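First up is the structure itself, then whatever we jot down about it.
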Amino acid sequence: MTISIDATTKSVPSTPESVPVARWVPWLFQVGNLTFWLSLYFYVPILPSYAESLGAPLGVVGAMLSAYGVTQLLLRIPTGVASDWWGRRRPVFAAGLVASAAGAVAFYIAPSPWTLVGARAITGLAACAWVGITIMYAGYFAPSESTRAIGWLNLVNATGQVVATWSGGLLAQHYGYGAPFLVSAAVAMVGLACIAFCPEPVRAARTGQPVTLDRLWKTATAPALIGVSLLSAVQNYATFSTVFGFTPVYAERLGATRADLGTLTAVSLIPFALAQPITAWLNRRYGPRNVVVTGLAMIGLTAVTTPLCVTLPMLLAVQVVAGGARGVVGTTLMGIAIRRVAQSERATAMGVYQAVYAIGMFSGPLIGGVVGEVSGLPMIFISTGAVAIVASVVAMGVLRDA
(Lines of atoms letter the chains of each structure in order from A; the text may use other names.)
(Lines give C-alpha, C1' and ligand atoms only; values in the text may rest on other atoms or scores of the structure.)
Protein backbone atom coordinates (compact mmCIF):
# COMPACT_ATOMS: atom_id res chain seq x y z
CA MET A 3 0.00 0.00 0.00
CA THR A 4 1.34 3.45 -0.88
CA ILE A 5 1.80 5.19 2.46
CA SER A 6 4.23 7.73 3.84
CA ILE A 7 5.34 6.97 7.39
CA ASP A 8 7.51 8.97 9.76
CA ALA A 9 8.11 8.50 13.47
CA THR A 10 4.68 9.60 14.53
CA THR A 11 2.33 9.81 11.59
CA LYS A 12 0.95 7.84 8.71
CA SER A 13 -0.41 9.87 5.82
CA VAL A 14 -1.45 9.56 2.21
CA PRO A 15 0.09 12.37 0.16
CA SER A 16 -2.04 11.70 -2.90
CA THR A 17 -5.28 12.30 -1.04
CA PRO A 18 -5.78 15.98 -0.12
CA GLU A 19 -8.74 15.17 2.09
CA SER A 20 -6.60 12.92 4.31
CA VAL A 21 -5.41 14.12 7.69
CA PRO A 22 -2.32 12.75 9.51
CA VAL A 23 -2.98 10.22 12.26
CA ALA A 24 -0.72 8.40 14.69
CA ARG A 25 0.77 5.33 13.06
CA TRP A 26 -0.94 2.99 15.56
CA VAL A 27 -4.44 4.28 14.78
CA PRO A 28 -5.12 2.09 11.70
CA TRP A 29 -3.99 -0.94 13.68
CA LEU A 30 -6.27 -0.10 16.59
CA PHE A 31 -9.04 0.49 14.07
CA GLN A 32 -8.51 -3.04 12.78
CA VAL A 33 -8.82 -4.35 16.34
CA GLY A 34 -12.17 -2.60 16.52
CA ASN A 35 -13.08 -4.10 13.15
CA LEU A 36 -12.13 -7.53 14.49
CA THR A 37 -14.37 -7.19 17.55
CA PHE A 38 -17.23 -5.98 15.37
CA TRP A 39 -17.22 -9.19 13.33
CA LEU A 40 -16.55 -11.38 16.34
CA SER A 41 -19.65 -9.96 18.02
CA LEU A 42 -21.80 -10.56 14.93
CA TYR A 43 -20.65 -14.13 14.23
CA PHE A 44 -20.12 -16.00 17.52
CA TYR A 45 -23.65 -17.38 17.29
CA VAL A 46 -24.11 -17.67 13.50
CA PRO A 47 -23.32 -21.44 13.26
CA ILE A 48 -25.90 -22.36 15.86
CA LEU A 49 -28.70 -19.95 14.90
CA PRO A 50 -30.66 -22.37 12.68
CA SER A 51 -30.41 -25.22 15.19
CA TYR A 52 -31.15 -22.81 18.06
CA ALA A 53 -34.34 -21.75 16.27
CA GLU A 54 -35.27 -25.38 15.60
CA SER A 55 -34.73 -26.16 19.30
CA LEU A 56 -37.43 -23.57 20.03
CA GLY A 57 -39.78 -25.34 17.62
CA ALA A 58 -39.27 -23.27 14.45
CA PRO A 59 -40.03 -24.94 11.07
CA LEU A 60 -37.80 -24.24 8.05
CA GLY A 61 -40.04 -21.37 6.94
CA VAL A 62 -39.60 -19.53 10.25
CA VAL A 63 -35.87 -20.28 10.24
CA GLY A 64 -35.70 -18.67 6.80
CA ALA A 65 -37.66 -15.63 8.01
CA MET A 66 -35.30 -15.22 10.96
CA LEU A 67 -32.20 -15.45 8.77
CA SER A 68 -33.65 -13.09 6.16
CA ALA A 69 -34.44 -10.40 8.76
CA TYR A 70 -30.69 -9.68 8.89
CA GLY A 71 -30.75 -8.62 5.24
CA VAL A 72 -34.10 -6.82 5.30
CA THR A 73 -32.85 -4.30 7.85
CA GLN A 74 -29.75 -3.65 5.79
CA LEU A 75 -31.73 -3.23 2.59
CA LEU A 76 -33.83 -0.53 4.24
CA LEU A 77 -31.12 1.30 6.18
CA ARG A 78 -27.77 1.04 4.41
CA ILE A 79 -28.50 3.81 1.91
CA PRO A 80 -29.75 6.22 4.62
CA THR A 81 -26.68 5.32 6.68
CA GLY A 82 -24.34 6.16 3.81
CA VAL A 83 -26.16 9.38 2.92
CA ALA A 84 -26.17 10.55 6.54
CA SER A 85 -22.48 9.73 6.92
CA ASP A 86 -21.56 11.72 3.79
CA TRP A 87 -23.74 14.69 4.80
CA TRP A 88 -22.23 14.71 8.29
CA GLY A 89 -18.71 14.05 7.02
CA ARG A 90 -18.08 11.52 9.79
CA ARG A 91 -17.79 7.73 9.89
CA ARG A 92 -16.82 6.86 13.47
CA PRO A 93 -20.28 7.45 15.02
CA VAL A 94 -21.68 4.94 12.52
CA PHE A 95 -19.09 2.38 13.66
CA ALA A 96 -19.92 3.02 17.32
CA ALA A 97 -23.66 2.70 16.76
CA GLY A 98 -23.08 -0.62 15.01
CA LEU A 99 -21.21 -2.04 17.99
CA VAL A 100 -23.96 -0.95 20.38
CA ALA A 101 -26.64 -2.52 18.16
CA SER A 102 -24.60 -5.72 17.90
CA ALA A 103 -24.50 -6.03 21.68
CA ALA A 104 -28.23 -5.29 21.93
CA GLY A 105 -29.07 -7.92 19.31
CA ALA A 106 -26.99 -10.56 21.08
CA VAL A 107 -28.80 -9.89 24.35
CA ALA A 108 -32.15 -10.05 22.53
CA PHE A 109 -31.23 -13.51 21.19
CA TYR A 110 -30.28 -14.64 24.68
CA ILE A 111 -33.63 -13.68 26.23
CA ALA A 112 -35.81 -14.65 23.22
CA PRO A 113 -38.78 -16.74 24.46
CA SER A 114 -40.06 -17.94 21.06
CA PRO A 115 -38.95 -18.51 17.43
CA TRP A 116 -40.66 -15.38 16.17
CA THR A 117 -38.85 -13.27 18.77
CA LEU A 118 -35.64 -14.38 17.10
CA VAL A 119 -36.77 -12.59 13.94
CA GLY A 120 -36.71 -9.27 15.79
CA ALA A 121 -33.33 -10.02 17.34
CA ARG A 122 -31.88 -10.84 13.93
CA ALA A 123 -33.26 -7.57 12.56
CA ILE A 124 -31.35 -5.70 15.29
CA THR A 125 -28.11 -7.41 14.30
CA GLY A 126 -28.87 -6.44 10.71
CA LEU A 127 -29.05 -2.84 11.91
CA ALA A 128 -25.62 -3.35 13.47
CA ALA A 129 -24.23 -4.65 10.18
CA CYS A 130 -25.24 -1.37 8.49
CA ALA A 131 -22.18 0.11 10.19
CA TRP A 132 -20.05 -1.68 7.59
CA VAL A 133 -20.84 1.30 5.33
CA GLY A 134 -18.94 3.63 7.64
CA ILE A 135 -16.26 1.09 8.52
CA THR A 136 -15.19 0.46 4.93
CA ILE A 137 -15.06 4.14 4.00
CA MET A 138 -13.29 5.15 7.21
CA TYR A 139 -10.53 2.59 6.69
CA ALA A 140 -10.23 3.18 2.94
CA GLY A 141 -9.69 6.86 3.75
CA TYR A 142 -6.22 6.01 5.06
CA PHE A 143 -5.12 5.06 1.53
CA ALA A 144 -4.98 6.56 -1.93
CA PRO A 145 -8.06 5.89 -4.14
CA SER A 146 -5.94 3.73 -6.45
CA GLU A 147 -5.26 1.46 -3.48
CA SER A 148 -8.96 0.94 -2.65
CA THR A 149 -9.09 -2.73 -3.68
CA ARG A 150 -5.98 -3.58 -1.68
CA ALA A 151 -7.18 -1.61 1.36
CA ILE A 152 -10.56 -3.34 1.21
CA GLY A 153 -8.71 -6.64 0.91
CA TRP A 154 -6.86 -6.08 4.18
CA LEU A 155 -10.03 -4.88 5.86
CA ASN A 156 -11.84 -7.99 4.66
CA LEU A 157 -8.94 -10.16 5.85
CA VAL A 158 -9.54 -8.99 9.42
CA ASN A 159 -13.29 -9.28 8.79
CA ALA A 160 -12.90 -12.90 7.71
CA THR A 161 -10.44 -13.69 10.51
CA GLY A 162 -12.99 -12.48 13.03
CA GLN A 163 -15.67 -14.61 11.41
CA VAL A 164 -13.41 -17.69 11.43
CA VAL A 165 -12.49 -17.30 15.09
CA ALA A 166 -16.05 -16.46 16.10
CA THR A 167 -17.79 -19.29 14.26
CA TRP A 168 -15.30 -21.93 15.38
CA SER A 169 -15.20 -20.84 19.03
CA GLY A 170 -18.92 -20.07 19.06
CA GLY A 171 -19.69 -23.68 18.19
CA LEU A 172 -17.43 -24.86 21.01
CA LEU A 173 -19.04 -22.43 23.46
CA ALA A 174 -22.49 -23.75 22.59
CA GLN A 175 -21.28 -27.35 22.82
CA HIS A 176 -19.80 -26.96 26.31
CA TYR A 177 -21.84 -24.17 27.92
CA GLY A 178 -25.18 -24.22 26.09
CA TYR A 179 -26.85 -22.13 23.42
CA GLY A 180 -26.77 -18.94 25.52
CA ALA A 181 -22.99 -18.66 25.85
CA PRO A 182 -22.19 -17.34 22.34
CA PHE A 183 -24.75 -14.55 22.73
CA LEU A 184 -23.30 -13.32 26.03
CA VAL A 185 -19.74 -13.41 24.71
CA SER A 186 -20.86 -11.46 21.62
CA ALA A 187 -22.29 -8.66 23.73
CA ALA A 188 -19.14 -8.40 25.84
CA VAL A 189 -16.80 -8.33 22.83
CA ALA A 190 -18.83 -5.56 21.19
CA MET A 191 -18.22 -3.37 24.23
CA VAL A 192 -14.47 -3.99 23.95
CA GLY A 193 -14.64 -2.81 20.35
CA LEU A 194 -16.49 0.34 21.40
CA ALA A 195 -13.60 1.19 23.73
CA CYS A 196 -11.07 0.65 20.92
CA ILE A 197 -12.64 2.96 18.37
CA ALA A 198 -13.00 5.73 20.95
CA PHE A 199 -9.31 6.37 20.28
CA CYS A 200 -9.53 6.25 16.46
CA PRO A 201 -9.93 9.71 14.86
CA GLU A 202 -11.55 10.28 11.51
CA PRO A 203 -8.86 9.70 8.84
CA VAL A 204 -10.77 11.69 6.21
CA ARG A 205 -12.88 14.79 6.59
CA ALA A 206 -15.39 14.87 3.77
CA ALA A 207 -16.78 18.35 3.25
CA ARG A 208 -20.02 18.89 5.12
CA THR A 209 -22.37 21.15 3.25
CA GLY A 210 -25.05 21.21 5.92
CA GLN A 211 -27.62 20.89 3.15
CA PRO A 212 -30.02 17.98 2.72
CA VAL A 213 -29.03 15.39 0.15
CA THR A 214 -31.27 15.94 -2.87
CA LEU A 215 -33.09 13.14 -4.63
CA ASP A 216 -31.33 14.17 -7.84
CA ARG A 217 -27.87 13.66 -6.34
CA LEU A 218 -28.88 10.39 -4.72
CA TRP A 219 -30.44 9.19 -7.99
CA LYS A 220 -27.29 10.01 -9.97
CA THR A 221 -25.11 8.13 -7.49
CA ALA A 222 -27.46 5.17 -7.17
CA THR A 223 -27.97 4.74 -10.90
CA ALA A 224 -24.34 4.90 -12.03
CA PRO A 225 -24.12 1.92 -14.43
CA ALA A 226 -20.90 0.54 -12.94
CA LEU A 227 -22.31 0.72 -9.41
CA ILE A 228 -25.60 -0.93 -10.36
CA GLY A 229 -23.87 -3.78 -12.16
CA VAL A 230 -21.44 -4.72 -9.41
CA SER A 231 -24.14 -4.28 -6.75
CA LEU A 232 -26.47 -6.77 -8.44
CA LEU A 233 -23.67 -9.29 -8.89
CA SER A 234 -22.81 -8.89 -5.21
CA ALA A 235 -26.48 -9.47 -4.38
CA VAL A 236 -26.27 -12.85 -6.12
CA GLN A 237 -23.10 -13.72 -4.23
CA ASN A 238 -24.83 -12.90 -0.95
CA TYR A 239 -27.95 -14.79 -2.04
CA ALA A 240 -25.78 -17.89 -2.34
CA THR A 241 -23.87 -17.23 0.88
CA PHE A 242 -26.90 -16.65 3.09
CA SER A 243 -28.92 -19.53 1.69
CA THR A 244 -26.03 -21.97 2.16
CA VAL A 245 -23.19 -21.55 4.65
CA PHE A 246 -24.97 -18.85 6.70
CA GLY A 247 -28.35 -20.45 6.10
CA PHE A 248 -29.18 -24.09 5.46
CA THR A 249 -25.80 -25.79 5.17
CA PRO A 250 -25.68 -26.18 8.99
CA VAL A 251 -29.13 -27.80 8.86
CA TYR A 252 -27.88 -30.23 6.21
CA ALA A 253 -24.76 -30.90 8.29
CA GLU A 254 -26.89 -31.78 11.32
CA ARG A 255 -28.69 -34.36 9.22
CA LEU A 256 -25.28 -35.87 8.49
CA GLY A 257 -24.71 -36.16 12.24
CA ALA A 258 -22.83 -32.91 12.99
CA THR A 259 -22.60 -31.74 16.61
CA ARG A 260 -22.81 -28.10 17.72
CA ALA A 261 -19.00 -27.95 17.73
CA ASP A 262 -18.99 -29.42 14.22
CA LEU A 263 -21.29 -26.63 13.07
CA GLY A 264 -18.73 -24.08 14.22
CA THR A 265 -15.99 -25.97 12.41
CA LEU A 266 -18.11 -26.15 9.26
CA THR A 267 -18.57 -22.40 9.09
CA ALA A 268 -14.96 -21.69 10.06
CA VAL A 269 -13.68 -24.01 7.33
CA SER A 270 -15.60 -22.00 4.75
CA LEU A 271 -14.26 -18.72 6.12
CA ILE A 272 -10.57 -19.66 6.32
CA PRO A 273 -10.14 -19.74 2.52
CA PHE A 274 -12.29 -16.58 2.37
CA ALA A 275 -9.71 -14.89 4.61
CA LEU A 276 -6.71 -16.32 2.76
CA ALA A 277 -8.13 -15.08 -0.53
CA GLN A 278 -8.04 -11.43 0.59
CA PRO A 279 -4.27 -10.74 0.27
CA ILE A 280 -4.08 -12.34 -3.19
CA THR A 281 -7.22 -10.82 -4.69
CA ALA A 282 -5.44 -7.66 -5.86
CA TRP A 283 -2.80 -9.83 -7.57
CA LEU A 284 -5.49 -11.96 -9.21
CA ASN A 285 -7.15 -8.81 -10.51
CA ARG A 286 -3.90 -7.56 -12.03
CA ARG A 287 -3.01 -10.96 -13.47
CA TYR A 288 -6.37 -12.05 -14.88
CA GLY A 289 -8.55 -8.94 -14.75
CA PRO A 290 -11.56 -8.23 -12.48
CA ARG A 291 -14.02 -9.58 -15.03
CA ASN A 292 -12.42 -13.03 -15.24
CA VAL A 293 -11.99 -13.22 -11.47
CA VAL A 294 -15.69 -12.51 -10.83
CA VAL A 295 -16.98 -14.76 -13.63
CA THR A 296 -14.88 -17.71 -12.46
CA GLY A 297 -15.67 -17.09 -8.80
CA LEU A 298 -19.44 -16.99 -9.32
CA ALA A 299 -19.30 -20.18 -11.37
CA MET A 300 -17.40 -21.92 -8.56
CA ILE A 301 -19.92 -20.69 -6.00
CA GLY A 302 -22.72 -22.14 -8.12
CA LEU A 303 -21.02 -25.49 -8.66
CA THR A 304 -20.25 -25.97 -4.97
CA ALA A 305 -23.87 -25.22 -4.05
CA VAL A 306 -25.16 -27.77 -6.55
CA THR A 307 -22.77 -30.44 -5.27
CA THR A 308 -23.69 -29.93 -1.60
CA PRO A 309 -26.62 -32.44 -1.64
CA LEU A 310 -24.24 -35.02 -3.10
CA CYS A 311 -22.13 -34.94 0.08
CA VAL A 312 -22.92 -38.03 2.15
CA THR A 313 -20.31 -37.49 4.88
CA LEU A 314 -19.24 -34.49 6.93
CA PRO A 315 -15.66 -34.48 5.51
CA MET A 316 -17.08 -34.27 1.98
CA LEU A 317 -19.22 -31.32 3.00
CA LEU A 318 -16.22 -29.61 4.61
CA ALA A 319 -14.20 -30.00 1.40
CA VAL A 320 -16.94 -28.34 -0.64
CA GLN A 321 -17.04 -25.42 1.82
CA VAL A 322 -13.31 -24.80 1.36
CA VAL A 323 -13.75 -24.23 -2.38
CA ALA A 324 -16.88 -22.13 -1.92
CA GLY A 325 -15.21 -19.96 0.72
CA GLY A 326 -12.25 -19.11 -1.49
CA ALA A 327 -14.53 -18.21 -4.38
CA ARG A 328 -16.64 -15.92 -2.18
CA GLY A 329 -13.50 -14.20 -0.94
CA VAL A 330 -12.16 -13.14 -4.32
CA VAL A 331 -15.58 -12.22 -5.73
CA GLY A 332 -16.66 -10.09 -2.78
CA THR A 333 -13.44 -8.10 -2.48
CA THR A 334 -13.18 -7.53 -6.24
CA LEU A 335 -16.74 -6.24 -6.52
CA MET A 336 -16.42 -3.96 -3.49
CA GLY A 337 -13.22 -2.45 -4.84
CA ILE A 338 -14.85 -1.76 -8.21
CA ALA A 339 -17.85 -0.15 -6.48
CA ILE A 340 -15.88 2.72 -4.91
CA ARG A 341 -12.87 2.98 -7.24
CA ARG A 342 -14.13 5.95 -9.29
CA VAL A 343 -16.35 7.61 -6.68
CA ALA A 344 -15.43 10.99 -5.15
CA GLN A 345 -14.40 10.81 -1.49
CA SER A 346 -17.29 13.04 -0.41
CA GLU A 347 -19.82 10.62 -1.96
CA ARG A 348 -18.16 7.31 -1.16
CA ALA A 349 -20.33 6.43 1.82
CA THR A 350 -23.46 7.12 -0.23
CA ALA A 351 -22.15 4.88 -3.02
CA MET A 352 -21.16 2.20 -0.53
CA GLY A 353 -24.57 2.47 1.10
CA VAL A 354 -26.23 1.88 -2.28
CA TYR A 355 -23.89 -1.02 -3.03
CA GLN A 356 -24.47 -2.68 0.33
CA ALA A 357 -28.22 -2.04 0.28
CA VAL A 358 -28.51 -3.75 -3.10
CA TYR A 359 -26.42 -6.72 -2.04
CA ALA A 360 -28.59 -6.97 1.08
CA ILE A 361 -31.38 -8.05 -1.28
CA GLY A 362 -29.47 -11.29 -1.63
CA MET A 363 -28.90 -11.54 2.10
CA PHE A 364 -32.60 -11.63 2.90
CA SER A 365 -33.99 -13.22 -0.27
CA GLY A 366 -31.55 -16.15 -0.14
CA PRO A 367 -32.70 -17.62 3.18
CA LEU A 368 -36.31 -16.49 2.69
CA ILE A 369 -36.69 -18.13 -0.72
CA GLY A 370 -34.58 -21.05 0.45
CA GLY A 371 -36.90 -21.67 3.38
CA VAL A 372 -39.94 -21.73 1.10
CA VAL A 373 -38.19 -23.99 -1.43
CA GLY A 374 -37.11 -26.30 1.38
CA GLU A 375 -40.62 -26.68 2.77
CA VAL A 376 -42.10 -27.30 -0.69
CA SER A 377 -39.40 -29.39 -2.38
CA GLY A 378 -37.06 -30.53 0.37
CA LEU A 379 -33.70 -29.40 1.71
CA PRO A 380 -31.53 -30.55 -1.27
CA MET A 381 -33.48 -28.35 -3.69
CA ILE A 382 -32.38 -25.26 -1.74
CA PHE A 383 -28.78 -25.88 -2.80
CA ILE A 384 -29.62 -26.87 -6.38
CA SER A 385 -31.72 -23.74 -7.00
CA THR A 386 -29.10 -21.52 -5.35
CA GLY A 387 -26.35 -22.98 -7.51
CA ALA A 388 -28.38 -22.36 -10.65
CA VAL A 389 -28.79 -18.68 -9.75
CA ALA A 390 -25.04 -18.23 -9.21
CA ILE A 391 -24.12 -19.98 -12.47
CA VAL A 392 -26.51 -17.77 -14.45
CA ALA A 393 -24.98 -14.72 -12.73
CA SER A 394 -21.50 -15.78 -13.83
CA VAL A 395 -22.67 -15.66 -17.44
CA VAL A 396 -24.31 -12.26 -16.94
CA ALA A 397 -21.09 -10.94 -15.36
CA MET A 398 -19.27 -11.38 -18.67
CA GLY A 399 -21.31 -8.50 -20.08
CA VAL A 400 -21.74 -6.41 -16.94
CA LEU A 401 -18.00 -6.23 -16.23
CA ARG A 402 -16.67 -5.88 -19.77
CA ASP A 403 -15.21 -2.44 -18.93
CA ALA A 404 -14.05 -3.29 -15.39
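Note that this note's numbering numbers the sequence shown so that position 275 is 277, with each residue one more than the last. Glycine included, every Cβ here is placed at the ideal spot set by N, Cα and C. As the structure is a prediction and not an experimental result, all values here were calculated from the model.
- If you ignore the 5 residues before and after Gln321, its C-beta comes within less than 6 angstroms of the C-beta of Val269, Ser270, all in its own chain and listed in chain order.
- Counting along the chain, no alpha helix (DSSP H) covers Trp26, and no H or E run does either.
- Three or more beta-carbon pairs drawn from the segment 38-52 and the segment 158-176 are found closer than 8 angstroms, and the two stretches are therefore classed as touching.
- Nearest Cα to Ala190 within the set Ser102, Ala108, Leu232: Ser102.
- For the 9 angstroms CB-CB criterion, Leu298 and Gln237 form a contact.
- Between the segment 99-113 and the segment 182-200, the count of Cβ pairs shorter than 8 angstroms is three or higher; the stretches touch.
- Closest in C-alpha terms to Trp283, from the list Thr117, Ala305, Trp154, Gly247, comes Trp154.
- About 6 angstroms separates the Cβ atoms of Ala324 and Ile301, confirming a contact at the 8 angstroms cut-off.
- Across the structure, Gln32 and Val158 are spaced so that their CA atoms are roughly 7 angstroms apart.
- Ala222 is the residue among Ala222, Leu172, Asn156, Ala123 whose C-alpha sits nearest the C-alpha of Val358.
- Between Phe95 and Ala131, the C-beta gap is smaller than 9 angstroms, which places the two residues in contact.
- The segment 79-94 and the segment 372-380 do not touch, with fewer than three beta-carbon pairs separated by less than 8 angstroms.
- Collapsing the DSSP output to three states places Thr259 in coil.
- For Tyr45, no alpha helix (DSSP H) encloses it, and the DSSP letter there is neither H nor E.
- Separation of Glu202 and Arg92 (C-alpha to C-alpha, rounded to the nearest whole angstrom) is 7 angstroms.
- Between Thr386 and Arg25, the alpha-carbon positions lie close to 44 angstroms from each other.
- Residue burial is scored here from C-beta neighbours: Val312 has fewer than 16 other C-beta atoms within 10 angstroms and is therefore classed as exposed.
- Tyr179 carries a coil assignment under DSSP once its states are collapsed to helix, strand and coil.
- Counted as a single uninterrupted DSSP element, the alpha helix (DSSP H) harbouring Thr304 occupies residues 290-307.
- Shortest Cα-Cα distance from Ile152 to any of Val133, Pro59, Phe242 involves Val133.
- Counting the other Cβ atoms within 10 Å of the Cβ of Met138 gives 16 or more, which makes it buried.
- In the three-state reduction of the DSSP assignment, Arg348 falls in the helix class.
- Taking all protein chains shown into account, Pro182 has 16 or more neighbouring C-beta atoms within 10 Å of its C-beta and is therefore buried.
- For the options Arg328, Gly374, His176, Thr281, the alpha carbon positioned closest to that of Pro309 is the one of Gly374.
- The distance from the Cβ of Thr334 to that of Pro290 is about 5 angstroms, consistent with a contact at the 8 angstroms cut-off.
- Counting along the chain, the unbroken alpha helix (DSSP H) around Arg328 starts and ends at 314-341.
- Residue environment for Pro28: buried (at least 16 other C-beta atoms within 10 angstroms of its C-beta).
- For Gly387, the enclosing alpha helix (DSSP H) has its first and last residue at 379-400.
- In this structure, Tyr179 sits near Ile48, with a CB-CB distance shorter than 9 angstroms.
- Within the same chain, Cβ atoms closer than 6 angstroms to the Cβ of Gly34 are found at Gly193, Cys196, Ile197, the five residues on either side in sequence being excluded.
- For Val107, same chain residues with a beta-carbon under 6 angstroms away, outside a window of 5 residues either side, are Ala187 in chain order.
- In this structure Asp216 is exposed. Its beta-carbon is surrounded by fewer than 16 other beta-carbon atoms within 10 angstroms.
- Residue nearest to Ala397 within the set Gly171, Gln175, Val331 is Val331 (criterion: CA-CA distance).
- In this chain, the alpha helix (DSSP H) harbouring Gly126 covers 115-129.
- The Cβ-Cβ distance between Ala253 and Leu184 does not fall below 9 angstroms.
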